[in-house]
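First the structure, in the form of structure tokens, and then the observations on it.
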Amino acid sequence: MALSFDQIVVRESQTPQTRPKKILESVLHFLAYHFILSRRSTRHVTVAGLDLTVGPTVFDPRFFLTSAFFAEFILGLDLRGKRVADVGTGSGILAIAAAKAGASEVVAIDINPYAVAATNVNAKKNGVAGTVKAIIGHLLSPVPGGARFDLILTNPPFFEGQPRDVADRSWYAGPNFRDIATLFEQASQRLAPGGRVYVVLSSSCNLAAFAEMIEKAGMTGHPVSKKSFVLESIIVYELRRSPDAVAAYGSERSPSLVEL
Ligand SMILES: C[S@@+](CC[C@H](N)C(=O)[O-])C[C@H]1O[C@@H](n2cnc3c(N)ncnc32)[C@H](O)[C@@H]1O
Numbered sequence: 018m019a020l021s022f023d024q025i026v027v028r029e030s031q032t033p034q035t036r037p038k039k040i041l042e043s044v045l046h047f048l049a050y051h052f053i054l055s056r057r058s059t060r061h062v063t064v065a066g067l068d069l070t071v072g073p074t075v076f077d078p079r080f081f082l083t084s085a086f087f088a089e090f091i092l093g094l095d096l097r098g099k100r101v102a103d104v105g106t107g108s109g110i111l112a113i114a115a116a117k118a119g120a121s122e123v124v125a126i127d128i129n130p131y132a133v134a135a136t137n138v139n140a141k142k143n144g145v146a147g148t149v150k151a152i153i154g155h156l157l158s159p160v161p162g163g164a165r166f167d168l169i170l171t172n173p174p175f176f177e178g179q180p181r182d183v184a185d186r187s188w189y190a191g192p193n194f195r196d197i198a199t200l201f202e203q204a205s206q207r208l209a210p211g212g213r214v215y216v217v218l219s220s221s222c223n224l225a226a227f228a229e230m231i232e233k234a235g236m237t238g239h240p241v242s243k244k245s246f247v248l249e250s251i252i253v254y255e256l257r258r259s260p261d262a263v264a265a266y267g268s269e270r271s272p273s274l275v276e277l
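Residue numbers for the sequence shown follow this note's numbering, so the first one is 18 and each next one is one higher.
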């Protein structure tokens, strides 16, 4: 019997959303918002070997564990000839990593106009301006109707709560994940046959809620890379539409992947 995504994430997230966990999350958000997210300066940073300019309100990949971990994972893939979308691109780090890994075309989308501008600058800086196209909009809605992708990447805001402003939309996805509620449904509809979604999440977020959104979108997933730190683990999940998942993995998923 194959394990459901729910069972997998429950294993990953041994601690439920307890009160101490909520308090810790609030403290971390307070520090992150006041000292990093809301900063008005422009920084020049190097993350995963990529030189990036990070303007005001743009998610700074130097300070958050998910960006470098996910970018390094993508740089290790063979994406030659693949069409890729990066939803919530921020500085463009993941889109640029996909282009460096050989993708033929990368569409990078963000709700924040400063992130779109940063991605264009950073694509040029890293020699992939001809491959990465940054556009503004909500999730995959600005992408023309017929477009399909072999790979959809996303490092979404993964905490529930009302964002204070556009900078805070990197952290909070709205009450009950309002702002990303249709992320997986849209991704599922935009996948080419055999296509995959890679999403990075943290053990400190509500993984069970993500499992529900993913299952509701008719997708199944399993972890493909994980790194543990003192307070949390960061996990990259591979998702496929359910029938494609059966074709790709068979009815049993690899135990070594489940137990990462
Ligand atoms: C956690 S940051 C990740 C940024 C970048 N991909 C990285 O890994 O460093 C999440 C990004 O998603 C964007 N975002 C939030 N809600 C969005 C939405 N509904 N549609 C598009 N982008 C969104 C934010 O502006 C932010 O840039």
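Just so you know, even glycine gets a beta-carbon here, dropped at the ideal spot from N, CA and C.
Quick one: what's got a C-beta closer than 6 angstroms to A102's C-beta in the same chain, skipping five residues either side? Residue mapping note: residue 102 aligns to position 85 of the sequence shown, counting from 1. Taken in chain order, the residues that qualify are V124, F166 and I169.
Should F52 be counted as a contact of ligand 1 given a C-beta to heavy atom distance under 7 angstroms? The residue given as residue 52 occupies position 35 in the sequence shown. It does not: the Cβ of F52 is nowhere closer than 7 angstroms to a heavy atom of ligand 1.
Secondary structure of F90, DSSP reduced to three states: Within the sequence shown, the letter at position 73 stands for residue 90. Looking at F90 - three-state DSSP - the assignment turns out to be helix.
Span of the alpha helix (DSSP H) around T136: Taking the sequence shown and counting its residues from 1, one reaches residue 136 at position 119. Looking at the DSSP string, the run of the alpha helix (DSSP H) that includes T136 is P130 to K142.
Taking the alpha helix (DSSP H) that V101 belongs to, which residues open and close that run? Here residue 101 refers to the residue found at position 84 of the sequence shown. From DSSP, V101 is part of no alpha helix (DSSP H) but of the beta strand (DSSP E) over R100 to V104.
Taking Cβ to Cβ, would you say A114 is nearer than 8 angstroms to A65? In the sequence shown, residue 114 corresponds to position 97, counting from 1. In the sequence shown, residue 65 corresponds to position 48, counting from 1. In this structure, A65 lies closer than 8 angstroms to A114 by Cβ.
Reference Y50, options F90, A164 and P180, closest by Cα: Within the sequence shown, the letter at position 33 stands for residue 50. Of F90, A164 and P180, the residue nearest in Cα terms is P180.
Could you compute how far the alpha carbon of S259 sits from the alpha carbon of F201? Here residue 259 is taken as the residue at index 242 of the sequence shown, counted from 1. Here residue 201 is taken as the residue at index 184 of the sequence shown, counted from 1. Straight-line Cα distance between these residues: approximately 12 angstroms.
Step through the CB atoms of chain C and report whether any lies within less than 8 angstroms of the CB of I40. Chain labels in this structure do not include chain C; a single protein chain is all it has.
Which one or two residues does DSSP pair with F166 in a beta bridge? By one-based count along the sequence shown, residue 166 stands at place 149. BP columns for F166 point to L208.
CA-CA distance, F52 and R186? Position 35 of the sequence shown, counted from the start, is the residue given in the question as residue 52. Position 169 of the sequence shown, counted from the start, is the residue given in the question as residue 186. Cα-Cα distance, rounded: 15 angstroms.
As assigned by DSSP and simplified to three states, the class of S221: For the purposes of this step, residue 221 is taken as residue 204 along the sequence shown, with counting starting at 1. Note: S221 maps to coil in three-state DSSP.
Does DSSP classify P260 as helix, strand or coil? Along the sequence shown, one-based indexing puts residue 260 at 243. Helix, per DSSP.
Quick one: is the Cβ of V104 within less than 7 angstroms of any heavy atom of ligand 1? Start at 1 with the first residue of the sequence shown, and residue 104 comes out as number 87. Indeed, a heavy atom of ligand 1 lies less than 7 angstroms from the Cβ.
At 4 residues or longer, what runs of the alpha helix (DSSP H) sit wholly inside the stretch 35-66? 36-49
Rounded C-beta distance between V75 and N129? I'm assuming under 8 angstroms. If you number the sequence shown from 1, residue 75 lands on position 58. If you number the sequence shown from 1, residue 129 lands on position 112. Confirmed, Cβ separation roughly 7 angstroms.
A198 versus V145 - alpha carbon distance: Residue mapping note: residue 198 aligns to position 181 of the sequence shown, counting from 1. Residue mapping note: residue 145 aligns to position 128 of the sequence shown, counting from 1. Roughly 31 angstroms separates the two Cα atoms.
My assumption, with CB atoms under 8 angstroms, is that P78 sits in contact with L92. Please give the rounded CB distance. If you number the sequence shown from 1, residue 78 lands on position 61. If you number the sequence shown from 1, residue 92 lands on position 75. So it is not a contact: roughly 13 angstroms between Cβ atoms.
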